[in-house]
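Chemist: Please find one structure pasted underneath; my questions will follow.
Protein chains: 2
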Amino acid sequence: MMQQSSERTWQEHLRAKGHRITPQRKLILAAVAQLPHPTPESILQHLRQTEPTLNLSTVYRNLTVLQESGLITHAHIGTGSAVYHLADEHAHLHLNCLNCGRLVSAAASIAADFAREVSAQTGFLIDPTHAAVYGTCADCARELTTPAAR
Amino acid sequence: MMQQSSERTWQEHLRAKGHRITPQRKLILAAVAQLPHPTPESILQHLRQTEPTLNLSTVYRNLTVLQESGLITHAHIGTGSAVYHLADEHAHLHLNCLNCGRLVSAAASIAADFAREVSAQTGFLIDPTHAAVYGTCADCARELTTPAAR
DNA sequence: CTGTGTGCAAACGGTTTGCAAGACT
DNA sequence: AGTCTTGCAAACCGTTTGCACACAG
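In structure tokens:
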């Protein structure tokens with residue numbers, strides 16, 4: 551009736567969903583925590599240095615499992631792969647520059663009013679962190695308005 | 551020195567970029583105008599009824615050409631294909647429900663303050679219509695909060 | 001010991017590309 | 001006539017799946 555431990559270990563999260571603890575899962579979770587904007591591919595790359603037989607499908611399967619267990623979340627960034635975050639630290643927006651491809655982060659709180667407004671007008675509850683917002687980054691905007699641009 | 555015709559025809563748009571006028575381009579542009587949320591695949595489907603030899607790569611190539619010519623734009627809607635719009639009528643947000651997959655449209659103006667805020671804080675000029683925003687639609691939100699949900 | 005998880009290879013959906021034949025101008 | 005565009009097939013990228021073996025419980 552009372553939630554006694556808000557400090558569950560990652561093992562407990564997995565076990566709670568009936569998943570087993572494997573070295574691969576430990577490694578993949580650690581990689582998500584360490585790497586900057588980890589994609590399945592970059593996670594594999596990173597882990598193959600120490601675990602040469604690790605397979606890409608194992609990475610995919612376990613990212614799904616870790617997500618179902620509430621340990622991580624993902625965000626869609628452009629056309630390529632999704633990027634993953636620890637569930638706690640994903641509270642930021644991704645701004646994806648259509649011109650140079652740069653990925654800029656911004657506080658999720660910027661979107662709070664927007665989310666409220668959308669909810670008020672449509673009933674839709676948005677999660678602005680789930681997918682990147684596209685546009686033009688500050689540098690490219692400057693460059694594109696410069697007469698010398700072309 | 552003065553722009554004398556703001557009413558350029560689609561042919562003029564293409565010619566201005568050095569592109570030729572072909573029956574395929576005419577058909578594809580018409581399909582983008584008619585179909586509800588046209589994807590490359592649905593455009594092909596539609597046009598093959600009257601033009602059985604039309605090829606998917608032709609659709610892709612011409613969607614790119616029409617876009618470069620300023621006639622159409624595209625938006626990323628979820629994991630699948632992009633959807634296309636005539637350049638004039640794309641001023642709406644796409645809200646993509648993560649639960650049921652439904653696609654809800656909303657006025658682009660809802661995001662105006664959000665865009666201003668992002669610009670003020672990061673210099674990034676966002677185009678909120680370029681990609682779907684994810685979340686939970688009104689129906690699913692209701693359903694998920696219902697005790698009987700699980 | 002049982003069944004979940006792993007590695008590998010092959011399939012998959014969406015998109016792009018090389019090439020020769022065809023069509024716009 | 002010359003070049004851009006088309007159709008076709010094959011390559012491509014990210015992701016998923018079927019299978020037999022391995023390992024956590």
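Chains Z and B are the protein sequences, given in the same order. Under our numbering, think of the first position of the first sequence as 551, with each following residue one higher. Under our numbering, think of the first position of the second sequence as 551, with each following residue one higher. We put the beta carbon where it would ideally sit given N, CA and C, even for glycine. All values derive from a computational prediction rather than experimental measurement.
1) Helix, strand or coil, according to DSSP, for His563 (chain B) in the structure here?
2) Of all the residues that make up the region 667 to 678 of chain B, which are near chain Z by a beta-carbon distance shorter than 7 Å?
3) Which of the three DSSP states, helix, strand or coil, is assigned to Cys687 (chain B)?
4) Would you list, in sequence order, the uninterrupted beta strand (DSSP E) runs of no fewer than 3 residues that lie entirely inside the region 587 to 626 of chain Z?
5) Answer yes or no: do Leu645 (chain Z) and Pro678 (chain Z) have a C-beta to C-beta separation smaller than 7 Å?
6) Any heavy atom of the ligand NAP inside 6 Å of the beta-carbon of Cys687 (chain B)?
7) Against chain B, with Cβ distances strictly below 7 Å, would Val654 (chain Z) count as a contact?
8) Could you give the residue range of the alpha helix (DSSP H) that holds Ser669 (chain Z)?
9) Below 7 Å CB to CB, which residues in the same chain sit around Ser592 (chain B) once its five sequence neighbours on both sides are set aside?
10) In chain order, what residues of the same chain lie with their CB nearer than 8 Å to the CB of Ala699 (chain Z), ignoring the 5 residues before and after it?
11) Determine the chain Z residues that contact Thr623 (chain B) at a beta-carbon separation under 8 Å, and present them in chain order.
12) Less than 7 Å separating the beta-carbons of His626 (chain Z) and Ala681 (chain Z)?
13) Leu577 (chain B) lies in the alpha helix (DSSP H); which residues open and close that run?
14) When you compare only the Cα positions, how much space is there between Ser555 (chain B) and Thr614 (chain Z)?
15) Out of curiosity, what's the CA-to-CA distance linking Ser575 (chain B) and Val683 (chain B)?
16) Do you know offhand how far Leu616 (chain Z)'s Cα is from Thr695 (chain B)'s?
17) At what residues does the beta strand (DSSP E) containing Ala656 (chain B) begin and finish?
18) What does the alpha-carbon distance come out to for the pair His596 (chain B) and Val609 (chain B)?
19) Sorted by chain position, which residues of the same chain lie with C-beta nearer than 6 Å to Ser655 (chain B)'s C-beta, five sequence neighbours on each side aside?
20) Count the other CB atoms, across all protein chains shown, that sit within 10 Å of the CB of Thr572 (chain B); report buried if there are 16 or more and exposed otherwise.
21) Please list, in chain order, all residues of the same chain as Gln553 (chain Z) whose beta carbon is under 8 Å from its beta carbon, the five residues on each side excluded.
22) Taking only the alpha-carbon atoms, compute the straight-line gap between Glu601 (chain Z) and Ile622 (chain B) and give it to the nearest angstrom.
23) Spatial neighbours of Val668 (chain B) within its chain, please: CB distance less than 6 Å, with the 5 preceding and 5 following residues excluded, ordered by chain position.
24) Just the C-alpha distance for Gly628 (chain Z) and Tyr634 (chain Z), rounded to the nearest angstrom, thanks.
25) Determine, for Tyr684 (chain B), whether the minimum Cβ-Cβ distance to residues of chain Z falls below 7 Å.
26) From the beta carbon of Leu613 (chain B), is the nearest beta carbon of chain Z less than 7 Å away?
27) When you compare the CB of Ala650 (chain B) with every CB in chain Z, is at least one pair closer than 7 Å?
28) Label Asn612 (chain B) either buried or exposed according to how many other C-beta atoms from any shown protein chain fall within 10 Å of its C-beta, with 16 as the threshold for buried.
29) My understanding is that Ala583 (chain B) touches Leu648 (chain B), with C-beta atoms under 8 Å, so please give their C-beta distance in whole angstroms.
30) Out of Z:Thr559, Z:Ala688, Z:Leu606, Z:Asp638, state which residue places its alpha-carbon closest to the alpha-carbon of Arg652 (chain Z).
31) Ala713 (chain Z) lies in the beta strand (DSSP E); which residues open and close that run?
Modeler: In terms of the structure at hand:
1) helix
2) Residues Glu667, Val668, Gln671, Thr672, Gly673, Phe674, Leu675, Ile676, Asp677, Pro678.
3) In the structure shown, Cys687 (chain B) sits in coil (DSSP, three-state: anything other than H, G, I, E or B).
4) Note on the region 587 to 626 of chain Z: whole beta strand (DSSP E) runs with a minimum of 3 residues are 622 to 626, in chain order.
5) no
6) What this structure holds is no ligand at all, so the ligand NAP is not there to describe.
7) yes
8) DSSP places Ser669 (chain Z) inside the alpha helix (DSSP H), whose first and last residues are 662 to 672.
9) Leu585
10) Here the model assigns Ala699 (chain Z) a pLDDT of 44, short of 50, so the residue's position is not dependable and the matter cannot be decided.
11) Neighbours of Thr623 (chain B) in chain Z, taken as residues whose beta carbon is under 8 Å from its own, are absent, since the nearest beta carbon is some 11 Å off.
12) yes
13) 573 to 584
14) Because the pLDDT at Ser555 (chain B) is just 46, under 50, the model does not fix this residue reliably, and the value given afterwards should be weighed accordingly. Ser555 (chain B) and Thr614 (chain Z): Cα-Cα distance of roughly 54 Å.
15) Reading the sequence as shown, one finds Arg at residue 575 (chain B) and not Ser. Arg575 (chain B) and Val683 (chain B): Cα-Cα distance of roughly 30 Å.
16) 24 Å
17) 653 to 657
18) Looking at the two C-alpha atoms, the distance is approximately 11 Å.
19) His642
20) exposed
21) Annotation note: pLDDT 48 at Gln553 (chain Z) (below 50); position unreliable, coordinate value reported separately. Same-chain partners within the cutoff: there are none.
22) Taking the straight line from one Cα to the other gives about 47 Å.
23) Phe674, Ile676
24) 14 Å
25) yes
26) By this cut-off, Leu613 (chain B) is not an interface position.
27) The identity of residue 650 (chain B) in the sequence shown is Cys, whereas the question assumes Ala. No - not a single Cβ of chain Z is within 7 Å of the one on Cys650 (chain B).
28) With 16 or more Cβ atoms within 10 Å of its Cβ, Asn612 (chain B) is classed as buried.
29) Going by Cβ atoms, the distance from Ala583 (chain B) to Leu648 (chain B) rounds to 30 Å, so no, they are not a contact pair.
30) Z:Ala688
31) Nothing in the structure corresponds to residue 713 (chain Z), since chain Z is present only between 551 and 700.
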